[in-house]
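The structure under discussion appears below in the form of structure tokens.
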Amino acid sequence: MLTQPELLREDMFCDEHTRPAHCDQSDSHCTCIHRLKIELHSLVELYILDLSPDVNPLNHPFHLHGYQMHVMEMGQNLTEPITIARAQTIARAQSLRRTTVTNFPPSKDTVSIPSKGYTRLRFRADNPGFWLMHCHFEWHTAVGMALVVQVGEPTDFVRAPANFPTCNKYQPDVDEEMFR
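Sequence positions in the sequence shown follow UniProt numbering and run 1 to 180.
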């Protein structure tokens, strides 16, 4: 994605509001790249929620490549599941048992999302490119607990060197003496 953005098409991407047309034309499994587009140099605040209906001891370690995130707040409700609407209410009313850090919040590249809870993160989007954000449990990443954060536009990205290997064109050097 980063080294060959000219190969990307908008119908390859999806988000919580948009699905590619080919997904609506099929009864079978449909794949797309979940992308969150962020304007370069913007101040980003993310709420990551654990929407599971049951409390369990499993917190989700979320990692964002390419950035350090400030952990601004964490909250958990042990009596009822967190929902997006409830998280928005909490954000406005600050009504859930939580920990809020206002002065010098910790900076992390991986943060725990509490069971039936949320974590509020903040970072400055000053590193252009495509960055993977995912749960560090491999199985969770495999079943979709991941997304690509696109910071800026391809014109903002650092260009790959002219001799950089590209998809479908990479031919590694082979020392034939090793195979005799």
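Cβ coordinates follow ideal geometry from the N, Cα and C atoms, glycine included.
Contact check, residue i vs residue j, beta carbons under 8 Å
i    : j    : result
S115 : N59  : yes
V151 : I33  : no
H41  : R122 : no
A125 : T3   : no
Nearest residue (CA-CA) to residue i, options the options
i    : options              : result
Y47  : N168, F104, T83, P53 : T83
L78  : S42, N56, H63        : N56
N163 : A142, D156, P172     : P172
N127 : C14, L64, N103       : L64
D50  : C135, P5, E6, M12    : C135
Collapsed DSSP secondary structure at residue i in the structure displayed
i    : result
A162 : coil
L121 : strand
R9   : coil
R35  : strand
T89  : helix
M178 : helix
I113 : strand
Residue i versus residue j: straight-line alpha-carbon distance, rounded
i           : j    : result
D24         : T18  : 11 Å
L132        : E176 : 37 Å
F62         : R180 : 46 Å
Q88         : E16  : 16 Å
residue 236 : A93  : Residue 236 is absent from the model: the chain starts at 1 and stops at 180.
C30         : Y67  : 30 Å
V174        : F104 : 51 Å
F13         : R35  : 6 Å
E153        : V44  : 16 Å
R9          : T119 : 32 Å
G117        : V148 : 22 Å
Residue i, enclosing beta strand (DSSP E) - first and last residue
i    : result
H63  : 60-64
Q150 : 146-151
Q76  : 69-76
Continuous alpha helix (DSSP H) stretch holding residue i: start and end
i    : result
C23  : 21-24
A142 : 138-142
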